[in-house]
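For what it's worth, the numbering used here labels the leading residue of the sequence shown as 0, then goes sequentially. Glycine residues also receive a C-beta, built at the ideal position from the N, C-alpha and C atoms. For clarity, every value in this text was computed on a predicted model and none was experimentally measured. Notes for the one structure printed next.
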Amino acid sequence: MDIYRSDREIVVVALGGNALIAPGDKPDIETQEANAENTVSQLLPLIERDFNIVVTHGNGPQVGNLLLREECSKGHLPRMPLDVLVAETEGSMGYLLQQAFLNQLRIKELKRYVVTVITQVIVDPDDPAFMRPSKPIGMHYGEAKAKELADEYKWEMVPDGDRGMRRVVPSPLPLKIVQRHMIRHSSREGNIVIAGGGGGIPVKITKAGGYEGVEAVIDKDLTSSMLASEIDADTLIILMQEAQVFVNYGTPEQRPLKKVTRSELIDYLAEGHFPPGSIGPKVKAAIQFVQRGGKQAIITSSDRLSQALDGLDGTLIVP
């Protein structure tokens with residue numbers, strides 16, 4: 000199998016947010032290494048089917064752990080801004096996934112190179128999201144501690160049920176991926192590219208024309224959709240826990256969507272079938288990719304990926 004081939008179709012795969020640390024997992028490095036190996040083994044059919052692939056991933060648990068580490072080291076080390084923490088997780092998680100790919104490729108005797116790209120994503124500083132921070136991050140605090148942190152760091156703190164107060168940050172829309180050309184060229188050459196980790200590092204363009212990090216979190220599925228369009232990918236695959244997208248989810252009228260057009264999915268979204276706090280961003284990401292000219296989007300679970308590629312499972316979104 001040739002490594003350098005630009006005639007392959009490009010597939011962008013957005014891993015689930017808990018790909019390396021699932022709920023209930025011990026968040027140590029050994030667990031993350033094992034989960035990375037398992038996740039990558041489920042992506043190998045894409046390589047065996049001779050696609051060029053770009054992999055994106057979430058970073059919620061990892062950033063949460065870094066924020067806890069910051070809290071524990073307060074008074075000993077300077078606090079790092081959120082954009083730097085996202086960059087740290089892009090590097091560390093990229094390393095784990097990259098190593099898992101290299102190990103699996105060796106076992107399967109598949110010849111590909113793997114590269115991780117620390118990815119910056121341009122956002123609009125005038126995005127309404129900056130006026131209404133809504134993305135919860137980090138730990139829960141008592142009311143007095145939350146007020147202290149809000150005063151000290153100008154954080155926005157909100158109640159989170161009966162668990163206490165929690166910091167919320169803006170979640171602006173991605174406008175452009177800074178490293179899009181490099182990712183496109185590298186993937187076209189046949190390299191497996193890991194990029195856009197955690198939705199990418201949010202940056203704004205300064206008055207002088209430079210880049211400056213901002214304290215925000217970009218939805219990783221929306222970034223994956225944008226990246227897929229910008230590198231001219233043929234297919235966007237969004238992985239989640241469920242094997243298919245459902246309408247009337249959790250009711251007696253629940254039914255899966257197998258193949259659906261973009262306009263049909265827009266109608267279902269408008270009817271309220273896909274809540275913004277769960278599957279809504281994934282559905283929006285698939286719609287946007289197809290709207291921008293993508294051939295198709297697939298939403299499924301990692302363990303049903305092969306079946307979804309054959310049209311036997313998953314939800315297929317077409318123009």
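- G163 sits in coil when the DSSP states are folded into three classes, being neither helix nor strand.
- With 16 or more other CB atoms across the displayed protein chains lying within 10 angstroms of its CB, M225 is buried.
- Between Q61 and T88, the gap from beta carbon to beta carbon is short of 8 Å.
- In the DSSP assignment, N51 falls within the unbroken beta strand (DSSP E) covering N51 to T55.
- When rounded, the separation of the alpha-carbon atoms in A33 and Q98 is 11 Å.
- In chain order, A99, N102 and Q103 place their CB closer than 8 Å to the CB of E36, counting only its own chain and leaving out the 5 sequence neighbours on each side.
- Exclusion of the five residues before and after E69 leaves R78 and M79 as the residues of its chain whose Cβ lies within less than 7 Å of its Cβ.
- Look at R105 here: in three-state DSSP terms it is helix.
- In this structure, the straight-line span from the alpha carbon of P127 to that of K134 is close to 13 Å.
- The secondary-structure analysis by DSSP pairs I176 across a beta bridge with V120.
- At least 8 Å separates the beta-carbon of V289 from that of V192.
- In this structure, DSSP gives Y248 a state outside helix and strand, which the three-state scheme calls coil.
- One thing to note: V53 has its Cβ within 8 Å of the Cβ of I182.
- Where L238 is concerned, there is no enclosing alpha helix (DSSP H), although the beta strand (DSSP E) around it starts and stops at T234 to M239.
- Going by DSSP, K283 is part of the alpha helix (DSSP H) stretching over G279 to Q290.
- Pairwise C-beta distances place the region 227–243 in contact with the region 301–314, as three or more of them are shorter than 8 Å.
- The beta-carbon separation of I230 and R179, rounded to 6 Å, stays under the 8 Å limit for a contact.
- Membership of T222 in any beta strand (DSSP E) is not indicated; the residue belongs instead to the alpha helix (DSSP H) covering K219 to E229.
- By the C-beta density criterion, V157 is exposed, having fewer than 16 other C-beta atoms within 10 angstroms.
- Judged by DSSP secondary structure, S40 falls outside any beta strand (DSSP E) and instead within the alpha helix (DSSP H) spanning I28 to E47.
- Across the set R7, E151 and E188, the C-alpha of R7 shows the shortest separation from the C-alpha of E47.
- Among the bridge pairs identified by DSSP, Q295 is matched with T234.
- Per DSSP, reduced to three states, the secondary structure at P171 is coil, with no helix or strand assignment.
- Annotated as distal: P132 and E151, with beta-carbon spacing of 8 Å or more.
- Per DSSP, the continuous alpha helix (DSSP H) segment holding V62 begins and ends at G59 to C71.
- In the DSSP annotation of this structure, the continuous segment of the beta strand (DSSP E) that includes E155 starts and ends at E155 to P158.
- Beta-bridge partners assigned by DSSP to R7: none are found.
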